[in-house]
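According to the numbering used here, the sequence shown is numbered sequentially starting from 3.
For each residue, glycine too, the CB sits at the ideal point set by N, CA and C.
Data first, discussion second: the structure below is written as structure tokens.
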Amino acid sequence: MPNPAGDLDALRQVTDRLRASVETVISGKTEVVDTALVVLLAEGHLLIEDVPGVGKTMLSKALARSIDGTVRRIQFTPDLLPSDVTGVSIWNRHTGQFEFRPGGVFANVVVGDEINRASPKTQSALLECMEERQVTVDNVTWPLETPFMVVATQNPVEMEGTYALPEAQRDRFMAKVSMGYPLEAAELAMLDGHTSRNPLDSLEPVTDVTEIRKLIATVNQVHVSPAVQRYAVALTTATRTAPELLLGASPRATLQLVRAAKSTAAMAGRDYVLPDDVHRLARTVLTHRLLPSLEATRTGRSVAAVLDAILEQVRVPSEPGA
């Protein structure tokens with residue numbers, strides 16, 4: 003018989019180990035690390051945006067190395083080709099046949115560094131694998147491993163040499179976070195621990211892909227009441243009708259908001275989702291998918307401010323998640 007309480011205890015133990023492992027490299031960013039774990043267990047993808055040098059790549063590498071699975075890193079550059087991402091068929095003159103050489107996405111955790119420095123054509127190579135977890139090359143479809151997570155970093159679009167991610171690409175990322183500059187104490191600790199050695203070199207896996215698959219199955223069993231489902235739909239619907247938004251949240255955004263809420267509930271030791279889980283995650287899951295109207299841009303009203311107003315306007319159900 004299933005043991006929900008035992009499964010949730012196991013999930014919390016593993017996530018505690020993962021958090022501790024990542025925080026040996028990235029200190030003072032517990033909220034960002036927790037978001038990465040939520041996305042991992044919800045089978046989503048994570049976008050990390052911030053200025054250079056604040057630890058975006060270190061965070062993604064630390065998470066990848068903490069899991070005993072396959073890891074690939076792709077450095078996105080203007081000359082990167084789509085085939086470098088997905089793979090390519092090469093003629094083998096000895097066998098007289100084409101052989102498929104897998105690209106960088108064939109791994110459990112794919113670290114896409116500075117994703118917005120590649121051309122839109124190369125960025126689009128990620129669309130199929132991120133949504134359908136498969137790659138099609140020369141009319142042959144190759145399934146990707148489970149779990150499969152893309153952790154991509156990008157610099158702000160105002161910086162030189164960047165291409166803005168298209169709407170379809172941004173919508174495939176479950177959540178977007180910013181690292182921010184560290185607190186003074188955390189930066190001093192970094193100087194003390196990072197100047198003589200690279201902490202990534204001593205990072206050992208604290209779990210494996212088999213265990214992560216079990217945790218994902220546990221998250222999938224978390225209950226979402228009809229009231230909470232209606233609340234999630236009400237939030238995303240409000241973004242589609244807001245006059246200050248040119249583009250609202252998609253149905254995919256609603257689905258990923260609920261999945262992230264289920265992961266958050268499981269990490270909190272609950273087998274049901276509370277409305278507060280959805281409310282708390284809405285900014286992280288929805289903001290990067292929205293586009294401001296021309297009037298909002300002209301008046302300097304940000305997407306985050308519009309979403310905050312929507313969160314205040316949409317009534318939070320009082321019914322408990324169970």
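Presumed contact (8 Å Cβ cut-off) between L292 and L276, rounded CB distance: Start at 1 with the first residue of the sequence shown, and residue 292 comes out as number 290. Start at 1 with the first residue of the sequence shown, and residue 276 comes out as number 274. With a Cβ gap of about 24 Å, L292 and L276 do not count as contacting.
Proximal residues to Q231 (C-beta, below 8 Å), its chain only, five neighbours per side dropped: Locating residue 231 in the sequence shown gives position 229, counting from the first residue. Taken in chain order, the residues that qualify are V260.
Pair within 8 Å by beta-carbon distance, L283 and A255: As a first step, residue 283 is located in the sequence shown; it is residue number 281 there, counting from the start. As a first step, residue 255 is located in the sequence shown; it is residue number 253 there, counting from the start. In this structure, the beta-carbon distance from L283 to A255 does not fall below 8 Å.
Minimum C-alpha distance to V221 - residue among M269, A127 and P80: For the purposes of this step, residue 221 is taken as residue 219 along the sequence shown, with counting starting at 1. Out of M269, A127 and P80, M269 has the C-alpha closest to the C-alpha of V221.
Of the listed residues A251, Q258 and P149, nearest to P294 (C-alpha basis): Your numbering for residue 294 matches position 292 in the sequence shown. With respect to the C-alpha of P294, the residue from A251, Q258 and P149 having the closest C-alpha is A251.
Distance between V35 and E25 (C-alpha atoms, nearest Å): Here the question's residue 25 lines up with position 23 in the sequence shown. Here the question's residue 35 lines up with position 33 in the sequence shown. Straight-line Cα distance between these residues: approximately 8 Å.
For T155, the first and last residue of its enclosing beta strand (DSSP E): For the purposes of this step, residue 155 is identified with residue 153 of the sequence shown, where counting begins at 1. Unbroken beta strand (DSSP E) run through T155: M151 to Q156.
Of the listed residues L20, F100 and R317, nearest to H281 (C-alpha basis): Counting from 1 along the sequence shown, the entry for residue 281 is found at position 279. Of L20, F100 and R317, the residue nearest in Cα terms is R317.
Close beta carbons around P158, own chain, < 6 Å, minus the five adjacent residues each side: Here the question's residue 158 lines up with position 156 in the sequence shown. There are no such residues.
Presumed contact (8 Å Cβ cut-off) between N94 and Q156, rounded CB distance: Locating residue 94 in the sequence shown gives position 92, where the first residue counts as 1. Locating residue 156 in the sequence shown gives position 154, where the first residue counts as 1. So it is not a contact: roughly 37 Å between Cβ atoms.
Whole-angstrom distance between P122 and A298, CA atom to CA atom: Residue numbering aside, residue 298 sits at position 296 when the sequence shown is read from its first letter. Residue numbering aside, residue 122 sits at position 120 when the sequence shown is read from its first letter. Roughly 26 Å between the two C-alpha positions.
Cβ separation of G71 and D210, assumed to be a contact under 8 Å, to the nearest whole Å: The sequence position of residue 71 within the sequence shown is 69, counting from 1. The sequence position of residue 210 within the sequence shown is 208, counting from 1. With a Cβ gap of about 6 Å, G71 and D210 count as contacting.
Near the ligand GTP: R272 beta-carbon under 7 Å from a heavy atom: Ligands are entirely absent from the displayed structure, and the ligand GTP is therefore not among its contents.
Span separating the alpha-carbon of D140 from that of T243: Here residue 140 is taken as the residue at index 138 of the sequence shown, counted from 1. Here residue 243 is taken as the residue at index 241 of the sequence shown, counted from 1. Approximately 41 Å, taken between the alpha carbons.
Collapsed DSSP secondary structure at I28 in the structure displayed: Counted from its first residue, the sequence shown places residue 28 at position 26. Of the three classes helix, strand and coil, the one that applies to I28 here is coil, per DSSP.
For A177, the three-state DSSP class (helix, strand or coil): To locate residue 177, count along the sequence shown from 1; it is residue 175. If DSSP states are grouped into helix, strand and coil, A177 belongs with the strands.
Boundaries of the beta strand (DSSP E) in which S121 is found, first to last residue: For the purposes of this step, residue 121 is identified with residue 119 of the sequence shown, where counting begins at 1. Per DSSP, S121 belongs to no beta strand (DSSP E) and is neither H nor E.
Residues of its chain near N110, where Cβ-Cβ distance is below 6 Å and the 5 sequence neighbours each way are ignored: The residue labelled residue 110 in the question sits at position 108 within the sequence shown. Taken in chain order, the residues that qualify are G71, T72, E147, P149 and V211.
Closest Cα partner of P319 within the set A306, P228, H96 and G271: The residue given as residue 319 occupies position 317 in the sequence shown. The option with the nearest alpha carbon to P319 is P228.
Backbone secondary structure at R21 - three-state DSSP: Indexing the sequence shown from 1 puts residue 21 at position 19. In this structure, R21 counts as helix in the three-state DSSP scheme.
7 Å Cβ shell around T164 - same chain, five flanking residues per side excluded: What you label residue 164 is simply residue 162 of the sequence shown in a count that begins at 1. Here the set comprises N118, R119 and N157.
Inter-residue Cα distance where the pair is R75 and Q315: For the purposes of this step, residue 75 is taken as the residue at position 73 of the sequence shown. For the purposes of this step, residue 315 is taken as the residue at position 313 of the sequence shown. C-alpha separation (whole angstroms): 42 Å.
G8 - DSSP class collapsed to helix/strand/coil: What you label residue 8 is simply residue 6 of the sequence shown in a count that begins at 1. DSSP places G8 in helix when its eight states are reduced to three.
Coil, strand or helix - R282 by DSSP: To locate residue 282, count along the sequence shown from 1; it is residue 280. Three-state result, R282: helix.
T212 (DSSP reduced to helix, strand or coil): Residue mapping note: residue 212 aligns to position 210 of the sequence shown, counting from 1. Three-state result, T212: helix.
Other residues of its chain near Q77: CB distance less than 8 Å, five sequence neighbours each side excluded: Your numbering for residue 77 matches position 75 in the sequence shown. Result list for Q77: D115 and E116, in chain order.
Beta-carbon proximity of T266 to V40, cut-off 8 Å: Numbered from its first residue, the sequence shown carries residue 266 at position 264. Numbered from its first residue, the sequence shown carries residue 40 at position 38. Yes, the Cβ-Cβ distance between T266 and V40 is below 8 Å.
Rounded straight-line distance, which links the Cα of K31 to that of Y183: Mapped onto the sequence shown, residue 183 falls at position 181. Mapped onto the sequence shown, residue 31 falls at position 29. Each residue's alpha carbon lies about 10 Å from the other.
Beta-carbon gap between D279 and A263 smaller than 8 Å: By 1-based counting over the sequence shown, the position of residue 279 is 277. By 1-based counting over the sequence shown, the position of residue 263 is 261. In contact: D279 and A263 (Cβ atoms closer than 8 Å).
Alpha carbon of V107 to alpha carbon of V179, nearest angstrom: For the purposes of this step, residue 107 is taken as the residue at position 105 of the sequence shown. For the purposes of this step, residue 179 is taken as the residue at position 177 of the sequence shown. Taken atom to atom, the span from the alpha-carbon of V107 to that of V179 is near 22 Å.
Straight-line gap, T37 to Q99 (C-alpha atoms, nearest Å): Numbered from its first residue, the sequence shown carries residue 37 at position 35. Numbered from its first residue, the sequence shown carries residue 99 at position 97. Approximately 45 Å between the Cα atoms of the pair.
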